[in-house]
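Okay, so here's the structure we're looking at.
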Amino acid sequence: MLLIDLIYNISLLLSLMVFYQVVVSRNKREKVSRKVILGVLLGAVAVVGMLAPLEYGEGIIFDGRSIVLFIAGLFGGPVSAGVSALLVGGYRVWLGGAGMPVGVATIVMSAGIGVIFYYFRQRHGSLTAIQAFGAGLAVHLFMLLLFLLLPNGVGFAIVEQIWLTVLLAYPAGTAAVCLLFQDYEEQEMTRDNLKWLAYYDALTALPNRHYLAEQVDHALSLCLGSGEKGAVLLIHLDRFSRLNDARGYDVGDRLLQEVARRLQETLMQKGTLARMSGGDFFVLLNENFVSDFQLEQVATDWITRIRAELRTPVELDDLKIPVFVSIGVTFFPHDRFDTPVQVLKRADTAMHRAKWKGGNQSMFYEQSMSVVAEQQFQIERELRVAIADNQLHLYFQSQVNAKGSVVGAETFVRWLHPERGLISPGVFIPIAEETDLIVELGEWVLHEACEILAKDSNGLIPGRLAVNISPRHFMRPGFVASVQHILHATGANPERLTFEVTESLWIHDLVDVTEKMRTLTKLGIHFSLDDFGTGYSSLTYIKHLPIHELKIDKTFIQDAPNAKDSAALVESILAVAHHMNLQVVAEGVETHEQADFLSARGDVVYQGYLFCRPEPFEQWVKHLTE
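The opening residue of the sequence shown carries number 32 in my numbering; numbering runs sequentially from there.
Printed below as a string of structure tokens:
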């Protein structure tokens with residue numbers, strides 16, 4: 032009978048395991064809710080097992096509740112054990128009889144031992160077969176000891192009759208059930224982990240692109256059915272890659288975590304926030320409206336909130352990092368054939384448009400943006416071909432002193448497309464800047480300039496040739512070696528070269544920047560700080576770095592004669608340059624008024640349309656000799 036009872040209770044538990052999987056595991060519930068449900072189910076199984084007990088006297092019964100309650104404590108912890116114990120204990124009290132106190136004590140003991148081993152598993156991992164048997168043995172040994180407390184010596188008679196079977200079969204049954212539940216639990220955890228890895232970002236714990244795509248697909252279905260419209264926002268952290276390059280990925284990761292936290296607090300579950308790769312976050316707004324106008328108002332309001340939340344710089348150790356974002360917004364459905372891929376692509380297109388316009392802006396998707404994006408993609412593809420097929424040409428613009436003599440020149444790249452003719456640098460340079468094409472382009476310009484210098488045996492080229500070096504090109508590993516190789520291959524004199532760099536170079540590894548600049552300076556190359564006054568240069572940098580020349584940005588030159596602020600800034604730059612013994616080049620000089628303003632305030636080299644437009648080398652040299 033004892034073995035039958037054991038088989039009966041184990042069968043109930045196995046049925047429960049299947050039922051629990053169906054009811055709980057396939058539904059999204061919190062951990063506490065799942066434990067409460069497990070406790071109720073296990074308590075119900077124990078009560079069912081008690082409906083047909085072994086009776087040894089009036090009110091003195093035996094059943095397999097000990098196994099069930101131990102399992103409740105072992106796999107559900109205090110919550111499941113408590114719920115099960117209350118249900119089973121309540122039923123045992125209702126049954127009453129002489130054995131009721133011992134029965135209740137057995138219930139508490141079994142659940143309690145289960146909880147103890149629950150915490151053992153938390154610290155040491157899954158139970159082995161021997162440990163599971165030992166746990167079952169402990170439960171049933173204590174149960175037999177409690178039986179001895181039954182009145183009138185009944186307990187001793189019962190123990191004498193059942194002890195061997197109980198101590199052999201019931202611990203083994205307990206261990207078997209324990210291992211089966213444990214195996215199921217581990218399988219469930221593996222499935223949960225795989226699902227988490229598939230749908231969530233490991234760094235921020237936010238949903239990822241796959242999860243978002245499913246949510247957008249669901250939202251699309253609802254909107255197509257109701258006639259409403261939804262919105263998706265793509266938030267891009269401007270200059271995030273530069274931060275990674277300058278401060279390392281650890282700082283970048285911490286910034287992403289803080290931004291994710293702020294965005295979550297801002298949305299307050301009124302939108303689905305997901306992180307893409309890099310510094311991109313998507314927001315699927317939970318609010319839907321019938322008209323684009325209503326949705327645009329809501330989206331604009333959320334953009335304002337997001338920018339307000341991100342406005343405060345993020346403090347990481349001794350760093351205060353300002354956060355600027357480019358935001359792209361799109362509405363859906365675009366048509367009845369709209370898909371999640373198309374929705375996210377439109378948001379991406381709008382974001383890149385905002386980024387293209389200088390960043391730290393918000394753009395709502397328009398159909399024309401896709402046309403522009405396609406054009407830019409085509410230009411990128413064709414530019415790669417242009418570099419290899421000699422479609423690029425080097426142009427020169429003279430730099431002139433106060434006497435009108437040419438003392439140098441700046442080089443510019445021009446693209447003569449075989450079908451579309453001359454393409455403006457304003458079109459292809461920004462595209463190249465976003466990719467490694469700017470490196471290939473920079474090396475081509477430098478190589479061409481060096482070849483021209485090497486061939487200038489007659490000394491037709493006065494002074495130095497200035498070559499623009501992008502930050503991406505300068506910070507590339509092996510940049511110095513590449514320059515040395517080009518100089519050696521062409522035979523050009525490095526003392527006739529000036530590298531123009533921008534102030535954005537300072538945000539990178541300053542030690543590396545300084546080392547590279549000093550190495551190149553030893554070769555004879557000069558450095559010019561381009562667009563001075565538009566960035567965030569510190570005079571400390573200028574003092575300690577090998578800078579030979581300052582170039583005043585054309586925006587200040589053009590306004591200087593008539594704008595007091597611009598005039599004061601130009602005068603300050605000239606004073607700094609004079610104090611630090613630096614040459615000054617004023618770019619964008621287009622009128623005599625501008626030239627007179629500069630000449631009255633210091634020794635300045637002029638560059639602009641007033642003196643010379645950029646032109647091909649042959650034409651430029653021809654003008655020099657006229």
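Where is the CB? At the ideal position from N, CA and C, for every residue including glycine.
In this structure, Phe443 lies near Pro456, with their beta-carbon atoms less than 9 Å apart. A direct Cα-Cα distance of roughly 10 Å separates Ile161 from Leu168.
Excluding sequence positions up to five before and after Ser111, its CB lies within less than 8 Å of the CB of Lys66, Val67, Leu69, Gly70, Leu73, Ala103, Gly104, all in the same chain and listed in chain order. For Leu274, the closest of Ser141, Lys351, Gln515, His424 by C-alpha to C-alpha distance is Lys351. Assignment of Asp596 by DSSP, reduced to helix, strand and coil, places it in the helix class.
Contact between Pro371 and Asp248 holds, since their C-beta atoms are separated by about 5 Å, short of 8 Å.
Looking at the DSSP output, Tyr231 bridges to Pro238.
Ranking Ala244, Trp125, Val170, Ala378 by CA distance to the CA of Arg96 puts Val170 first. In its own chain, leaving out the 5 sequence neighbours on each side, no residue places its CB closer than 7 Å to the CB of Met220. Sorting Asp379, Arg270, Cys254 by C-alpha distance to the C-alpha of Met307 places Asp379 at the top. Taking the C-beta atoms as reference points, Phe395 is found no nearer than 9 Å to Thr343.
Looking at the backbone, the Cα of Val437 and that of Pro493 are separated by about 7 Å. Counting along the chain, Ser393 sits inside the beta strand (DSSP E) bounded by residues 393-395. When the Cα atoms are used, Leu641 and Gln428 turn out to be separated by approximately 11 Å. Within the same chain, Gly120, Arg123, Val124 come within 7 Å of Val135 by CB-CB distance, once the 5 residues on both sides are set aside.
Contact between Ala305 and Asn239 holds, since their C-beta atoms are separated by about 6 Å, short of 8 Å.
Spanning the alpha carbons of Phe558 and Met548 requires a straight line of approximately 8 Å. Rounded to the nearest angstrom, the gap between the Cα atoms of Leu264 and Trp333 is 9 Å.
The closest CA to that of His609, considering only Asp634, Ala233, Arg377, is found on Asp634.
Approximately 5 Å separates the beta-carbon atoms of Lys260 and Leu326; this is inside 8 Å, confirming the contact.
Residue environment for Gln300: exposed (fewer than 16 other C-beta atoms within 10 angstroms of its C-beta). According to the DSSP assignment, Leu316 belongs to no alpha helix (DSSP H) but to the beta strand (DSSP E) extending over 311-316. DSSP places Arg507 in the coil class of the three-state scheme, outside both helix and strand.
Secondary structure of Glu441 (DSSP, three-state): strand. At least 9 Å separates the beta-carbon of Ser141 from that of Val76. Along the segment 244-292, the beta strand (DSSP E) occurs as fully enclosed runs of 3 or more residues at 261-268, listed in sequence order. Where Val329 is concerned, the enclosing alpha helix (DSSP H) starts and stops at 323-342. In the DSSP assignment, Phe459 falls within the unbroken alpha helix (DSSP H) covering 456-464. Ranked by Cα distance from Leu253, the first of Ala233, Glu318, Asp281 is Glu318. Check the Cα spacing between Phe587 and each of Met611, Glu89, Gly619: the tightest is with Gly619.
By the Cβ neighbour-count rule, Glu296 is exposed, with fewer than 16 other Cβ atoms within 10 Å of its own.
Going by beta carbons, Leu613 and Ile578 fall inside the 9 Å limit. A distance below 7 Å between beta-carbons, with the five flanking residues on each side excluded, links Leu255 to the following residues of its chain, in chain order: Pro364, Arg367. If the five residues before and after Val314 are omitted, its C-beta is found closer than 6 Å to the C-beta atoms of Leu264, Gly302, Leu304, all from its own chain and listed in chain order.
Contact check for Ile469 against Val514 fails: the beta carbons are separated by 9 Å or more. In this structure, DSSP gives Gly134 a helical state, which the three-state scheme calls helix.
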